[in-house]
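Student: First, the structure itself, so that you have it in front of you.
2 protein chains.
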Amino acid sequence: MAKRSYTILGTGALGGYYGARLQQAGHTVRFLLRGDYEHVRDHGLRIASMHGDFELPEVEAFRDPTDLPPSDVAVVALKTTQSGALADMLPVAIKPGGAVLVLQNGLCPERYVAGLVGAERVVGGLCFLCSNRVGPGHFRQVRFDHIRLGEYARPGMTERIAGIAADFCAASVQTEPVEDLSLARWQKLVWNVPYNGLSAVLDADTERLMAHTDTAALVEKLMQEVAAAARASGGHTIGASFIEKMLSNTAKMGPYRPSMQVDRQMGRAMEAEAIHGDPVRAAIAAGCAVPVMQAVYRQLRFLEDQREAGAGPG
Amino acid sequence: MAKRSYTILGTGALGGYYGARLQQAGHTVRFLLRGDYEHVRDHGLRIASMHGDFELPEVEAFRDPTDLPPSDVAVVALKTTQSGALADMLPVAIKPGGAVLVLQNGLCPERYVAGLVGAERVVGGLCFLCSNRVGPGHFRQVRFDHIRLGEYARPGMTERIAGIAADFCAASVQTEPVEDLSLARWQKLVWNVPYNGLSAVLDADTERLMAHTDTAALVEKLMQEVAAAARASGGHTIGASFIEKMLSNTAKMGPYRPSMQVDRQMGRAMEAEAIHGDPVRAAIAAGCAVPVMQAVYRQLRFLEDQREAGAGPG
């Protein structure tokens, strides 16, 4: 059987790294780019990584989504704040019977994609990756890289997610198929809600947040609210030991700036709706009070709208 | 009867304005100063105000509290973050049988003063004053100026608070004695907790906070938590109509920077313990959950300790 072809929709620090790994492992990979298009078309991609550095002098680069040949798997690697652009990219980017792999943050980024291509085509993935853009077409993976994959339309293990996971594993990306994508997403929110939210509001990295008694307590309180929401809304059990592990792992991690802090510093849109808004709404719809998560969400919405209004501190 | 003499402990935008008004009305007033001491000793005080501008070319200025002659009333006009300095100022600043008028923010700033001079000497006052320091010895009252006064040790009306209130009223400061100082302090916290806390965390003035749906909702939520804490801790009833009036009055007030926002902008200590810490502790001790007030308090503690550590954004 021919190797699966992939199209990376959004060649940033995440999509660029994973796509380059897949091409290095022998897959046909198409990269959709915007600002870096000309540079990457002419010079390819450069990757720095804890697994070794490499270059791909020639890649299939595209600027216009309508030029994309259909692939077996379209990888959604845009931020959720840019998901609106997917309407022009999908479903033209996938072959009949092909799949869309949604590598986005939040409670259920798959829902929007399902509306474009049909739920049965959608696979969700949670990325645990620290990477950043060094320059045009140049990405550095700093630590972690693993992915958890699951079916969107129906829980359980399938050949499709096993096959995609195997492709990524063969490309040096530790990837694990999971039976319950919804549980996996709530588990990831246990980390994302407190660290992204507080780092953005307080402009502080994870090390500072964990080094202070009050913010560490606030992180834990938010984790408990996410766990309560996961139980009320999804029937999932996320126990105290999971929360303790998240707290102690993060405390050991050293200084790390969550994406939302970086976005705020750079004046970019923050993923507050995907990471905070959707879980808050799910909790409230299930009758579960999440006062602190809701308060942080409201603070983020305020900050986001101040940014959009182009306002400085007032 | 001779007019009461006053000593202003802390000649800033608040103490400087009220003290100048009292001297203008014919009272002997002593002013304790630090940075502006020499300027005020040589040039006196200048006041700009909505009731008219005036100058006091000669004032009794002191730098060392031990030089202060005892007065009938010592007015505590320091921020609560500087209350430690009162141990050297009190009780030397008051005559035998004299009173201390505590014009500070918070749930119970009188408690610390009572420990220094005895509870029976203590009168509490809540100031509703917008004033700022224009330059050395030069203060501008912008709007509001009124004070609510009450006995600390035992609720009720006394000659003492009636007399002090009359002095302030005769000095063009609208002042009202109240029977229940504790209720008055909780009522003031209904405003102070949300606007000071959120303005400092989000660096936004009252107008911006009220103009955005999410922060306006967060303000209201915090007001409801303060009212619940007042009921649980003090047995006070603060009804929905009081909260609605606070919200609508503030929305009409135009842009105003609460003191805690200004303090954060200037790199000065914020009064988080007096305005947020004490009410949170009182609520929790009374078995009343105040999750959002506690979360904002934790954020303020974090920001305050970052400031003390001299850290920039991280």
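Residue numbers (the working numbering), protein chains in the order written: chain A, 1 to 314; chain B, 1001 to 1314. A virtual CB, placed ideally from N, CA and C, is assigned to each residue, including glycine. Computed from a predicted model, the values in this text were never measured in an experiment.
Shorter than 8 angstroms from the beta carbon of Pro313 of chain A to some beta carbon of chain B?
Tutor: Unreliable placement is indicated for Pro313 of chain A, whose pLDDT of 45 sits below 50; no coordinate value is reported for it.
Student: Excluding sequence positions up to five away, which residues of its chain have a Cβ less than 6 angstroms from the Cβ of Gly1312 of chain B?
Tutor: Because the pLDDT of Gly1312 of chain B is 49, which lies under 50, any placement of that residue in the model is unreliable, and the number read from its coordinates should be weighed accordingly. Cβ neighbours of Gly1312 of chain B beyond the five flanking positions: none.
Student: Suppose you measure from the CA of Leu1116 of chain B to the CA of Gly1015 of chain B; what does that come to, to the nearest Å?
Tutor: Taking the straight line joining both Cα atoms gives about 20 angstroms.
Student: Spell out whether any CB of chain A is found under 8 angstroms from the CB atom of Pro1215 of chain B.
Tutor: Before going further, note that residue 1215 of chain B is Thr rather than Pro in the sequence given. Interface residue, yes.
Student: How would you label His1051 of chain B, buried or exposed, when you count the other beta carbons within 10 angstroms and need 16 or more for buried?
Tutor: So His1051 of chain B counts as exposed.
Student: Count the C-beta pairs between the segment 1213-1221 of chain B and the segment 1187-1204 of chain B that are closer than 8 angstroms, then say yes if the count reaches three, no if not.
Tutor: As far as the Cβ criterion goes, the segment 1213-1221 of chain B touches the segment 1187-1204 of chain B, which means the pair count is three or higher.
Student: Determine the extent of the beta strand (DSSP E) in which Thr1007 of chain B is found, giving its start and end residues.
Tutor: Run containing Thr1007 of chain B: Tyr1006 to Leu1009, per the beta strand (DSSP E) assignment.
Student: If you measure beta-carbon to beta-carbon, which residues of the segment 216-237 of chain A are closer than 8 angstroms to chain B?
Tutor: Against chain B - using a Cβ distance shorter than 8 angstroms - the residues of the segment 216-237 of chain A are Ala217, Leu218 and Lys221.
Student: Going along the segment 251-280 of chain A in order, which residues come within less than 7 angstroms of chain B, judged by CB to CB distance?
Tutor: Answer set for the segment 251-280 of chain A: empty.
Student: Which same chain residues, not among the five before or five after Ile161 of chain A, have their C-beta less than 7 angstroms away from its C-beta?
Tutor: Correct list, in chain order: Val123, Leu149, Gly150, Glu151 and Pro177.
Student: Ordered along the chain, which non-local residues of its own chain (more than five positions away) have a Cβ less than 6 angstroms from that of Gln1261 of chain B?
Tutor: Cβ within range, chain order: Ser1199 and Ala1200.
Student: Mind checking Phe1168 of chain B: buried by the 16 CB within 10 Å criterion, or exposed?
Tutor: Buried, by the Cβ-count rule.
Student: To which residues of the same chain is Arg301 of chain A closer than 7 angstroms at the C-beta, ignoring the five residues directly before and after it?
Tutor: Ala272, listed in sequence order.
Student: Is it a yes or a no for the segment 288-297 of chain A touching the segment 1278-1292 of chain B, going by three-plus beta-carbon pairs under 8 angstroms?
Tutor: The answer is yes - the segment 1278-1292 of chain B touches the segment 288-297 of chain A, with three or more Cβ pairs under 8 angstroms.
Student: Assuming Asp72 of chain A is part of the beta strand (DSSP E), what are its boundary residues?
Tutor: Asp72 of chain A -> beta strand (DSSP E) spans Ser71 to Val76.
Student: Here's the rule I'm using: 16 or more other beta-carbon atoms within 10 Å means buried, otherwise exposed. How should Gln1299 of chain B be labelled?
Tutor: Counting Cβ neighbours within 10 Å, Gln1299 of chain B comes out buried, since at least 16 surround it.
Student: If we call anything under 8 angstroms between Cβ atoms a contact, is Ile332 of chain A one with Ala77 of chain A?
Tutor: Here chain A covers residues 1 to 314 and nothing more, so residue 332 of chain A does not appear.
Student: What are the boundary residues of the alpha helix (DSSP H) that includes Ala285 of chain A?
Tutor: Start and end: Asp278 to Ala285.
Student: Within the 8 angstroms Cβ cut-off, does Pro291 of chain A reach chain B?
Tutor: So yes, Pro291 of chain A belongs to the interface.
Student: Does Val201 of chain A get closer than 8 angstroms to chain B when you measure Cβ to Cβ?
Tutor: True, the Cβ-Cβ gap to chain B drops below 8 angstroms.
Student: Note the first and the last residue of the continuous alpha helix (DSSP H) segment covering Lys1188 of chain B.
Tutor: Here the alpha helix (DSSP H) through Lys1188 of chain B covers Leu1181 to Leu1202.
Student: Should Pro1096 of chain B be labelled buried (16 or more other beta-carbon atoms within 10 Å of its own) or exposed?
Tutor: Under this definition Pro1096 of chain B is an exposed residue.
Student: Excluding the 5 residues flanking Val40 of chain A on each side, which residues of the same chain have their C-beta closer than 8 angstroms to its C-beta?
Tutor: Contacts found: Thr11, Phe31, Leu33, Val59, Ala61, Pro136 and Gly137.
Student: Please state if the CB of Met1223 of chain B and the CB of Met1253 of chain B are separated by a distance shorter than 8 angstroms.
Tutor: Against a cut-off of 8 angstroms, the Cβ pair of Met1223 of chain B and Met1253 of chain B comes out as no contact.
Student: Do you know how far the Cα of Asp1036 of chain B is from the Cα of Glu1120 of chain B?
Tutor: Their backbone Cα atoms lie some 33 angstroms apart in a straight line.
Student: Mind listing which residues of the segment 1171-1203 of chain B have their C-beta closer than 7 angstroms to chain A's C-betas, in chain order?
Tutor: Listed in sequence order: Val1201, Leu1202 and Asp1203.
Student: Please tell me whether Arg1301 of chain B has its Cβ less than 8 angstroms away from any Cβ of chain A.
Tutor: By this cut-off, Arg1301 of chain B is an interface position.
Student: Rounded to whole angstroms, what's the CA-CA distance from Ser71 of chain A to Val226 of chain A? Just pull it up for me.
Tutor: So the alpha carbons of these two residues sit roughly 37 angstroms apart.
Student: How long is the line joining the alpha carbons of Gly1234 of chain B and Ile1147 of chain B, rounded to whole angstroms?
Tutor: About 22 angstroms.
Student: Determine the extent of the beta strand (DSSP E) in which Pro994 of chain B is found, giving its start and end residues.
Tutor: Residue 994 of chain B is absent from the model: chain B starts at 1001 and stops at 1314.
Student: Secondary structure at Glu1058 of chain B, three-state DSSP: helix, strand or coil?
Tutor: Coil at Glu1058 of chain B, not helix or strand.
Student: At which residues does the beta strand (DSSP E) containing His236 of chain A begin and terminate?
Tutor: Counting along the chain, His236 of chain A falls outside any beta strand (DSSP E), and DSSP gives it neither H nor E.
Student: With DSSP run on the structure shown, which of helix, strand or coil describes Gly95 of chain A?
Tutor: Per the sequence shown, residue 95 of chain A should be read as Lys rather than Gly. Strand.
Student: What is the residue span of the alpha helix (DSSP H) that Val40 of chain A lies within?
Tutor: Val40 of chain A -> alpha helix (DSSP H) spans Tyr37 to His43.
Student: Please check if any C-beta of chain B sits within less than 8 angstroms of the C-beta of Ala282 of chain A.
Tutor: Taking Cβ atoms only, chain B never reaches closer than 8 angstroms to Ala282 of chain A, which makes this a no.
Student: Under 8 angstroms, do Asp263 of chain A and Met270 of chain A count as touching if we go by C-beta distance?
Tutor: Yes.
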